[in-house]
Every structure is written in C-alpha cells, then in structure tokens.
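Colleague:
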Amino acid sequence: MNEAALTLEGWYALHDFRSIDWTAWKAADDEERAVALDDLHLFLQEWRMVEESNAGSTAVYSIVGQKADFVLMHLRETLEDLNAVETAFNKTTFAQYTTKAYSYVSVVELSNYLASGEGDPKQKPEVIARLQPILPKARHICFYPMNKKRELADNWYMLSMDERRTLMRSHGLIGRGYAGKVKQIITGSVGFDDWEWGVTLFAEDPLQFKKLVYEMRFDEVSARYGEFGDFYVGNLLTDEGFRDMLKL
Ligand code: 76R
Numbered sequence: 002m003n004e005a006a007l008t009l010e011g012w013y014a015l016h017d018f019r020s021i022d023w024t025a026w027k028a029a030d031d032e033e034r035a036v037a038l039d040d041l042h043l044f045l046q047e048w049r050m051v052e053e054s055n056a057g058s059t060a061v062y063s064i065v066g067q068k069a070d071f072v073l074m075h076l077r078e079t080l081e082d083l084n085a086v087e088t089a090f091n092k093t094t095f096a097q098y099t100t101k102a103y104s105y106v107s108v109v110e111l112s113n114y115l116a117s118g119e120g121d122p123k124q125k126p127e128v129i130a131r132l133q134p135i136l137p138k139a140r141h142i143c144f145y146p147m148n149k150k151r152e153l154a155d156n157w158y159m160l161s162m163d164e165r166r167t168l169m170r171s172h173g174l175i176g177r178g179y180a181g182k183v184k185q186i187i188t189g190s191v192g193f194d195d196w197e198w199g200v201t202l203f204a205e206d207p208l209q210f211k212k213l214v215y216e217m218r219f220d221e222v223s224a225r226y227g228e229f230g231d232f233y234v235g236n237l238l239t240d241e242g243f244r245d246m247l248k249l
C-alpha cells in the first residue's frame, strides 16, 4: 500500500551561494567597481519589487566561514522563473566578481502528517501564506540539506503512516517550543537536488539555531532517521551592509 505522505507545494526555491573573487574585485578600477555595484543594487531593487507584487521573495545574507561569502535565497512561482532570476544575475557585471560556491534547488513543502480541519487546504489563507512565504528579514539565517534514512534497520520510508505521524508529532512539538524565536521553511527536493529536503531557519539570535537543532537531535525523527549535509550560517545583508562588505 502506498503510504506516501501527501504534500502541498508552493513557491520554487533556489539557494544560490557565492564567494567574492577578492583578487578580481581589488584588481578592478573604481569605475568598474561602481558599475558592478550599481548593477547589484538594481537587482536588489528588482527583487524587492517582485516581493511587493507577491510573485516571489528573495533574502540576501552573508555567510560566515569559508564555504561561501553570501547567499541569495530566491522563491519564485515556477522553475522557469527561478532559472531566469539565476541567469539574469549571472549576466550582471557584479556576478563577474563572484564564484559559485554551492546551490540548492527545492520547493516549499507542507506535509499532511499533522494536518487538521476540513476543506481544500490550498484555499486557506494560512496555508497559502506558508506555501508562498515572504522571507523574513531576520538578522540571521541557517541553511542545511537533509535526508531521512533508508537503511535496513532504520528506514523512514518503510514505517507506516501512523508510525511516522506519531514521530512527526513529537518533532512538531519541539519545533513549536521555538515559536517566535525561529522561523523555519522546509523545502522538498526529492527529484530536484542531492538531498531530500532543505531546511532554512531564520532568527534574531543565532544561538536559537544551535539550541533548536541540538534539541531535535535527541528527538527520534532526527536521532534515528536524520542525515544532514553541510550547514551554512550568516547575517542579514541590507543594501548598505552589502556595500560595506565590498568597500575596499
Ligand atoms: O508544518 C508544521 O508546522 C507541522 C509540523 C511540522 C512538520 C510536518 C514541523 C514543525 N516540521 C515538519 C516537517 Mn520540521 N524541521 C526540520 C528541521 O535539524 C533537524 O533535526 C531537522 C531539521 C528543523 C530544525 C525543523 C524545525 N520538518 C519537517 C520535515 C519534512 C518531513 C517529512 O515529510 O518526512 C523535515 C525534513 C523537517 C525538518 N519543524 C516544525 C521545525 C519547527 C521549528 C517546527 C514548528 C513550526 C511551528 O509550529 O511554528
């Protein structure tokens, strides 16, 4: 019997991690840098307009550590729109001074493990708001991809729907303890990218990422079935912050 959880999908997501090519940036002259900065700021404005017209959302954060220097997290209505925003950015003069560090393609996902109520969920404003979320401009971001294990002894996909629902209830309860402190966006990536989900967290206090992820490690869903990729953590980049970061 097929017991796949039912999922609702929303906006498509691209996490575009970049590093700055400081050698090229420093080698450019003042005018070249000014053109690149203007180009960057034009795009930041354009992404804000997309967000205002409710056709997507973009978040821009610096990344701490050597894995990348910043991330552009884009949510868009279609995979084509996502591709277009990626390509348009690649064509900017600013992108010439960046190198690709990592990327992740997924789609905002809600599952029916803890669903309640009647009627078509896709018509409910609170569901729509979660499927097409305006990304918070919190001070910090944390991103990592993850899988649910498929090993002989511990295979998430061989559990019954009831067993998974019970486990997910406990997961959700821990998560709810962080209401108001951490905002999570789960994006599904089976068939899209190398892991099964992307986990994107936003918080004003970065220690809340550590506390939440640590607490979940003791919960069976994560302790027994969770497998995790690389973690990326960073700070909100305002337009001014981006300019400051690039100042020589
Ligand atoms: O969507 C909901 O709010 C209902 C409950 C819920 C589901 C179905 C929920 C709540 N999550 C769900 C699904 Mn989650 N979540 C993670 C991670 O690091 C780790 O150990 C795991 C990474 C975090 C930090 C987190 C946070 N969640 C999922 C799924 C899909 C599973 C599937 O379909 O098999 C994954 C991969 C996943 C992973 N989760 C919450 C949180 C938080 C903070 C909540 C509470 C949200 C709230 O009530 O506001």
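Numbers in my numbering are just positions in the sequence shown, counted from 1, shifted up by 1. Here a beta-carbon is modelled for each residue, glycine too, at the ideal position from N, C-alpha and C. On a predicted model such as this, the values are computed, not experimentally measured, just so you know.
Does the count of Cβ pairs from the region 73-82 and the region 133-149 closer than 8 Å reach three?
Modeller: Contact holds: three or more Cβ-Cβ distances are below 8 Å.
Colleague: Any heavy atom of the ligand 76R inside 6 Å of the beta-carbon of Trp192?
Modeller: As a first step, residue 192 must be located in the sequence shown, where it is residue number 191. First, the amino acid is wrong: residue 192 is Gly here, not Trp. Checking the Cβ of Gly192 against the ligand 76R gives no.
Colleague: If we call anything under 7 Å between Cβ atoms a contact, is Phe71 one with Arg19?
Modeller: Working through the sequence shown from its first residue, we reach residue 71 at position 70. Working through the sequence shown from its first residue, we reach residue 19 at position 18. Going by C-beta atoms, Phe71 is nearer than 7 Å to Arg19.
Colleague: For a test of the three-state rule: what should DSSP assign to Asp17, helix, strand or coil?
Modeller: As a first step, residue 17 must be located in the sequence shown, where it is residue number 16. If DSSP states are grouped into helix, strand and coil, Asp17 belongs with the strands.
Colleague: Tell me which same chain residues have a C-beta within less than 8 Å of the C-beta of Ser1, skipping the five on either side of it?
Modeller: Examination of residue 1 is not possible in this model, given that the chain is present from 2 through 249 alone.
Colleague: For Met74, is the classification buried or exposed, using 16 other Cβ atoms within 10 angstroms of its Cβ as the cut-off for buried?
Modeller: In the sequence shown, the residue the question calls residue 74 occupies position 73. Buried: at least 16 other Cβ atoms inside 10 Å.
Colleague: Could you give the uninterrupted runs of the beta strand (DSSP E) lying entirely in the region 6-65, keeping only those of 3 residues or more?
Modeller: You should have 8-21 and 57-64.
Colleague: Given Asp40, which residues of its chain have a CB within under 7 Å of its CB, disregarding the five upstream and five downstream residues?
Modeller: As a position in the sequence shown, residue 40 is number 39, starting the count at 1. Thr93, Thr94 and Phe95.
Colleague: Per DSSP, Leu80 is paired with what?
Modeller: Here the question's residue 80 lines up with position 79 in the sequence shown. Beta-bridge pairing links Leu80 to no other residue.
Colleague: Have a look at the DSSP bridge pairing and note the partners of Pro146.
Modeller: The count along the sequence shown starts at 1 and reaches residue 146 at position 145. Pro146 is bridged to Gly199.
Colleague: Leaving aside the five residues before and after Glu186 along the sequence, list all residues of the same chain whose C-beta is less than 7 Å from its C-beta, in chain order.
Modeller: Your numbering for residue 186 matches position 185 in the sequence shown. Note that residue 186 is Ile in the sequence shown here, rather than Glu. Within the same chain, Ile186 has close Cβ partners Val109, Pro134 and Thr201.
Colleague: Going by beta carbon distance, what residues of the same chain come within less than 8 Å of Ala224, once the five residues before and after it are set aside?
Modeller: Counted from its first residue, the sequence shown places residue 224 at position 223. Within the same chain, Ala224 has close Cβ partners Arg218.
Colleague: Excluding five sequence neighbours on each side, which residues of the same chain lie with their C-beta closer than 7 Å to the C-beta of Glu32?
Modeller: Position 31 of the sequence shown, counting from 1, holds the residue named residue 32. None.
Colleague: So Ala102 is in the beta strand (DSSP E); what residue range does that whole segment cover?
Modeller: One-based indexing of the sequence shown puts residue 102 at position 101. Run containing Ala102: Thr99 to Ser112, per the beta strand (DSSP E) assignment.
Colleague: Please determine, among Gln124, Leu238 and Arg49, the residue with the shortest C-alpha to C-alpha distance to Leu9.
Modeller: Position 8 of the sequence shown, counted from the start, is the residue given in the question as residue 9. The residue with the shortest Cα to Cα distance from Leu9 is Gln124.
Colleague: Under three-state DSSP, which class holds Glu228?
Modeller: On the sequence shown, residue 228 is found 227 positions in, with the first residue counted as 1. Strand.
Colleague: Any chance the CB of Trp196 is under 6 Å from a heavy atom of the ligand 76R?
Modeller: In the sequence shown, residue 196 corresponds to position 195, counting from 1. Checking every heavy atom of the ligand 76R against the Cβ of Trp196, none is found closer than 6 Å.
Colleague: Buried or exposed for Trp23, going by 16 or more other Cβ atoms inside 10 Å?
Modeller: On the sequence shown, position 22 is the one that residue 23 refers to. Looking at its Cβ environment, which holds fewer than 16 other Cβ atoms inside 10 Å, Trp23 is exposed.
Colleague: In the DSSP output, what is Ile186 paired with across the bridge?
Modeller: Looking up residue 186 in the sequence shown gives position 185. DSSP output for Ile186 lists Thr201 as bridge partner(s).
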